[in-house]
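> Dropping the structure in here first, questions after.
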Amino acid sequence: QKEVEQNSGPLSVPEGAIASLNCTYSDRGSQSFFWYRQYSGKSPELIMSIYSNGDKEDGRFTAQLNKASQYVSLLIRDSQPSDSATYLCAVHSGGYNKLIFGAGTRLAVHP
Amino acid sequence: DGGITQSPKYLFRKEGQNVTLSCEQNLNHDAMYWYRQDPGQGLRLIYYSQIVNDFQKGDIAEGYSVSREKKESFPLTVTSAQKNPTAFYLCASSIRGQGASYEQYFGPGTRLTVT
Chain B
81 QKEVEQNSGP
91 LSVPEGAIAS
101 LNCTYSDRGS
111 QSFFWYRQYS
121 GKSPELIMSI
131 YSNGDKEDGR
141 FTAQLNKASQ
151 YVSLLIRDSQ
161 PSDSATYLCA
171 VHSGGYNKLI
181 FGAGTRLAVH
191 P
Chain Y
138 DGGITQSPKY
148 LFRKEGQNVT
158 LSCEQNLNHD
168 AMYWYRQDPG
178 QGLRLIYYSQ
188 IVNDFQKGDI
198 AEGYSVSREK
208 KESFPLTVTS
218 AQKNPTAFYL
228 CASSIRGQGA
238 SYEQYFGPGT
248 RLTVT
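Right, here's the structure in full:
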């Protein structure tokens, strides 16, 4: 089984700081990468998709992909207490034709 | 108002009973999925369907069954054969079941408790 690994956290950052969430994956053939945000007791919400090497920005969120290093990250600028949630990394495994999810990183933004 | 609905939000059952979880989408998506999430763990794929009248087992299909008679609907039955059914069940859909653009969108989930 191909794997997606994330640090479980909690990652604690002060309000206004940059939160950096990291994810590594094992399937070199993966082409599509996603970040989901999941508040406690709720379902995951898609916040970013990235398909090419480099950075992709959307508001306060930046996804970074490095296929050579099999590494994808999510940066959250100007972190707010409302960003406190678990962030799930998901990778599309071409060989298995399905999304494989990491266990998630819990982010806590404190005032 | 497009989206994915799951019902009920909370479900309680006695051990040994089968139970069916509903999932409906009006996004005109071809593919639908069922995941299970246990506390502190990632999502595990139970079943998925890329097209009407076709579905495939995921990683943890034992003790579960599905049907896909309509594009909009993908109900999941948790049978008495499932050893540890208490979990948070999530239904998702995507425009297509294959291809590079593989964004999946989730319903609100059903929290099943079996005692």
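Residue numbers (my numbering), protein chains in the order written: chain B, 81 to 191; chain Y, 138 to 252.
Glycine included, each C-beta is placed from N, C-alpha and C at the ideal position.
Which chain Y residues sit within Cβ distance under 7 Å of Phe181(B)?
Near Phe181(B) (Cβ distances below 7 Å), the residues of chain Y are Gly179 and Leu180.
> Exposed or buried, what is Ser88(B) when buried is set at 16 or more other beta-carbons lying within 10 Å of its beta-carbon?
Exposed, by the Cβ-count rule.
> Nearest to Leu227(Y) by CA position, among His166(Y), Trp171(Y), Asn165(Y) and Asn155(Y), is which residue?
The shortest C-alpha separation from Leu227(Y) is found at Trp171(Y).
> Please compile the residues from chain Y whose C-beta is within a distance smaller than 8 Å of the C-beta of His190(B).
Here the premise fails: no neighbours, minimum Cβ distance about 21 Å.
> Assuming Gln162(Y) and Ser230(Y) make a contact with CB atoms under 8 Å, what is their CB distance in whole Å?
Confirmed, about 5 Å.
> Cβ of Leu154(B) within 8 Å of Cβ of Ala165(B)?
Not closer than 8 Å, so no.
> Mapping DSSP to helix, strand and coil, what is Ser230(Y)?
Correct three-state label for Ser230(Y): strand.
> List the residues of chain B that Glu240(Y) touches, going by C-beta distances under 9 Å, in chain order.
Per Cβ cutoff of 9 Å: Ser112, Phe114, Leu126 and Ser129.
> Gly163(B) by DSSP, collapsed to three states: which one?
For the record, residue 163(B) in the displayed sequence is Asp; it is not Gly. Note: Asp163(B) maps to helix in three-state DSSP.
> Do Thr185(B) and Gln118(B) count as a contact pair if the criterion is CB distance below 8 Å?
No.
> Considering only residues of the same chain and omitting the five flanking positions on each side of Ile232(Y), which have a CB-CB separation below 6 Å?
Cβ neighbours of Ile232(Y) beyond the five flanking positions: His166.
> Run through DSSP, which three-state label would Asp135(B) get?
Residue state, collapsed to three classes: strand.
> Can you tell me which of Ala168(Y), Thr216(Y) and Ala224(Y) puts its alpha carbon nearest to the alpha carbon of Gly153(Y)?
Nearest of Ala168(Y), Thr216(Y) and Ala224(Y) to Gly153(Y), Cα basis: Thr216(Y).
> What's the C-alpha gap between Asn190(Y) and Lys146(Y)?
Rounded to the nearest angstrom, the two C-alpha atoms are 26 Å apart.
> Can you name the residues that DSSP bridges to Lys178(B)?
Partner(s): Ser173(B).
> Suppose only complete runs of 3+ residues qualify. What are the beta strand (DSSP E) ranges in the segment 84–164 of chain B, listed by chain order?
Counting whole runs of 3 or more residues, the segment 84–164 of chain B contains the beta strand (DSSP E) stretches 91–94, 99–105, 112–118, 125–130, 134–138, 141–146 and 151–156.
> Whose Cβ in chain Y lies nearer than 7 Å to the Cβ of Gly184(B)?
Near Gly184(B) (Cβ distances below 7 Å), the residues of chain Y are Gly179.
> What's the C-alpha gap between Thr104(B) and Asn146(B)?
Cα to Cα, Thr104(B) sits roughly 10 Å from Asn146(B).
> Below 8 Å on the Cβ atoms is my contact criterion, and I expect Tyr201(Y) with Tyr184(Y) to pass it. Report the Cβ-Cβ distance as a whole number of Å.
With 8 Å as the limit, Tyr201(Y) and Tyr184(Y) qualify as a contact, their Cβ atoms being about 6 Å apart.
> Measuring alpha carbon to alpha carbon, tell me which residue in Lys220(Y), Glu206(Y), Leu180(Y) and Val251(Y) is nearest Gly195(Y).
Closest by alpha carbon: Leu180(Y).
> Closer than 8 Å by beta-carbon distance: list the chain B residues that pair up with Pro245(Y), in chain order.
Under the 8 Å cutoff, chain B gives Lys122 and Ser123.
> At least one CB of chain B closer than 8 Å to the CB of Leu227(Y): is that the case?
Yes - at least one Cβ of chain B is within 8 Å of the one on Leu227(Y).
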